[in-house]
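Here is the structure we will look at.
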Amino acid sequence: MPLPPAPTKRAALLSTDALDAPARSPSKVARKTENTESAQKPPVLDLFDNRTAGGADHPIAFSKKEPASPSKTGATSYKKESASVAQPAVRPKKTKHTGPAKLFVLDTNVLMHDPMCLFRFEEHDIFLPMIVLEELDGHKKGMTEVARNARQTSRTLDALAGATGADIGKGLKLDTTGHREAGGSLFFQTRPLDYTLPISLPQGKADNQILGVVEALRKEYAPREVVLVSKDINMRVKARALGLATDDYQNDKTLEDGDLLYSGALALPADFWTRQSKTIESWQQGSHTFYRITGPIVASLLINQFVFFEAPGEPPLYARVTEIRAKTAVLKTLKDYNHLKNAVWGVTTRNREQNFAMNLLMDPEVDFVTLAGTAGTGKTLMALASGLTQVLDDRRYTEIIMTRATVSVGEDIGFLPGTEEEKMGPWMGALDDNLEVLGKTDSGSGEWGRAATNELIRSRIKVKSMNFMRGRTFLNKYVIIDEAQNLTPKQMKTLITRAGPGTKIICMGNLAQIDTPYLTEGSSGLTYAVDRFKGWPHGGHITLARGERSRLADFASEVL
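Sequential numbering from 1 applies to the sequence shown in our numbering.
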């Protein structure tokens, strides 16, 4: 059956006669004549005008499509219109741009937290109060991360203001410097604004001045939505108490909920063998067994993800995903480091997750490993044991480099004397504790032998400060980044990009022990690295679930 005639305008609706005309016309000639008449009928335009002027059910949808050129008619535009009418499920994607764009008022701490935040608000507009520029100017001096971000923000504002055709009075287009994802404009406070705040709020405080600007803009641009964006919790609480719309800056959060973090391991269903027995191929290669599987579970697998099958009365399976092609995946069985014959520097693993982690640490094809877990799960001990084995026994790496974020739990004790390594000494108590454990594993060499071993170990371990990592390149090094949960995503990127050929990096941390201000489980650099590297063929992650330090430490982790 031929298509009904195309409308004369993109937003025009066909009349009932025009839709039924092709089915009733007895011949091609009559059909062609009737199509021509129906395409030129004025009631089609009347119907569109009545629909928009009369305030029908969906006036916004029509008004959004009206600016299109009337000359763009034909089968293509008819199909687009019919699809939008016949498939209401697609409409929510289009309606997010309907109505006026929001106006976001940014607090100073947002600009100093992320200098690129100006380009993260899509089609919405941004307003900067004058007091925000004053605070930026006051924080631009120094070598801290905050000072660098303040200077970067000032340079960005200068580039926007200096663009060709820029007019501060009318707003600066945010896409003029190459950031096409930003479709809104940037407005500065160029005149005094009239607002009234409660007497209990001191008028001279910067936070209260910003709240006053938001109040004035809300009245001036009503009914347009004006939202204050701040990372200061107390600022957001005061804004809500005044009836102002406010929100946290969400773009820096990798995950909304810490429970959604990729664990690196997946339990196979209880009926795995029975449901998929017809589609499993297996073969032996060396000491490993490989399985090629198909089925619905393949869609949820990632490269270097661990899978395990444990059921009463059946042999267990512990494997790692090594290949995914279309709807098939290849599983490779693991080396059992629970057994004494496979001990690494005298250390054997005590649970399933530790065995997964040791397989990643000892694999030369895995360049980046992230380990997350509570206190006492063995992260540092396993990383050091595998590092010493691969440096001293296998000669795979030349030395171990260890660093960590120097963030105090309590009050800072001030500057520390000595060289770089001596200054890092107090921060490396975990290194000393684990080296003491590893030094006792060789019990047959006597006191002199143990002393010589400890001296050799110390000579191959270098402790470095993160403050001097910029510009360095590590060749054939085994790098351990401890307490990585206290790093920002930018610091994590700085450290990982130091890796040269033949270098392996291990990031360890406990997301429940974040000491850095303004960092949460969702915005931590460790979370950022885990989320970005999952599925990479040369990277792996495992979350260690069970503590092995002592029964006291395990109980304290649960109840305190």
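Note that CB positions come from ideal geometry on N, CA and C, so glycine has one too.
Query: Cβ pair residue 348, residue 338 closer than 8 Å; Result: yes
Query: Boundaries of the beta strand (DSSP E) in which residue 319 is found, first to last residue; Result: 317–325
Query: Residues sharing a beta bridge with residue 498, DSSP; Result: Residue 498 pairs with nothing; no bridge assigned.
Query: Three-state class that DSSP yields for residue 116 in the structure shown; Result: coil
Query: Test item: CB-CB of residue 341 and residue 544 under 8 Å; Result: no
Query: Given 8 Å, three or more beta-carbon pairs between the stretch 142–158 and the stretch 208–216; Result: no
Query: Where the alpha helix (DSSP H) through residue 247 begins and ends; Result: Careful: residue 247 lies outside any alpha helix (DSSP H), inside the beta strand (DSSP E) at 245–247.
Query: Under the three-state DSSP convention, the category residue 533 falls into; Result: helix
Query: Meets three-Cβ-pair contact criterion under 8 Å: the stretch 497–511 and the stretch 267–274; Result: no
Query: Extent of the continuous alpha helix (DSSP H) run through residue 290; Result: Here residue 290 belongs to no alpha helix (DSSP H); instead the beta strand (DSSP E) covers 288–294.
Query: Residue burial classification, residue 475 (beta-carbon count within 10 angstroms, cutoff 16); Result: exposed
Query: Contact set for residue 438: own chain, Cβ-Cβ below 8 Å, skip 5 residues either direction; Result: 345, 346, 347, 381, 384, 385, 388, 457
Query: Pairwise C-alpha distance: residue 525 and residue 514; Result: 11 Å
Query: Cross-strand partners of residue 462 (DSSP beta bridge); Result: 401
Query: Residue 134 versus residue 240 - alpha carbon distance; Result: 25 Å
Query: Supposed close pair residue 391, residue 478 - CB separation, criterion 8 Å; Result: 6 Å
Query: Buried versus exposed, by CB contacts within 10 Å (16 or more), residue 485; Result: buried
Query: Check whether residue 330 and residue 301 have beta carbons under 8 Å apart; Result: no
Query: Straight-line Cα distance separating residue 303 from residue 535; Result: 5 Å
Query: Pairwise C-alpha distance: residue 560 and residue 554; Result: 10 Å
Query: Residue range of the beta strand (DSSP E) that includes residue 188; Result: 185–188
Query: C-beta atoms of residue 263 and residue 110 nearer than 8 Å; Result: no
Query: Residue 177 in three-state terms, based on DSSP; Result: helix
Query: Neighbourhood of residue 202 by C-beta, 7 Å cutoff - its chain only, sequence neighbours within 5 removed; Result: 208
Query: Cβ shell of residue 482 (< 6 Å), same chain only, five flanking positions each side left out; Result: 404, 508
Query: Residue 174 versus residue 162 - alpha carbon distance; Result: 12 Å
Query: Residue 25 - DSSP class collapsed to helix/strand/coil; Result: With a pLDDT of 42 at residue 25, under the threshold of 50, the modelled position of this residue cannot be trusted, and the question is left open.
Query: Rounded Cβ spacing between residue 548 and residue 350 (contact assumed at less than 8 Å); Result: 5 Å
Query: Rounded separation between residue 176 and residue 285 - CA only; Result: 58 Å
Query: Residue from 119, 193, 546 with nearest C-alpha to residue 373; Result: 546
Query: Beta-carbon gap between residue 132 and residue 139 smaller than 8 Å; Result: no
Query: Beta bridge counterpart(s) of residue 542 as assigned by DSSP; Result: 371
Query: Selection from 463, 113, 494 that minimises the alpha carbon distance to residue 469; Result: 494
Query: Close-in-space but distant-in-sequence residues of the same chain around residue 85 (CB under 8 Å, 5 per side omitted); Result: Unreliable placement is indicated for residue 85, whose pLDDT of 36 sits below 50; the coordinate value is still reported in the next sentence. Excluding positions up to five away in sequence, the list is empty.
Query: Per-residue burial, residue 538 [other beta carbons within 10 Å of its own, 16 or more giving buried]; Result: exposed
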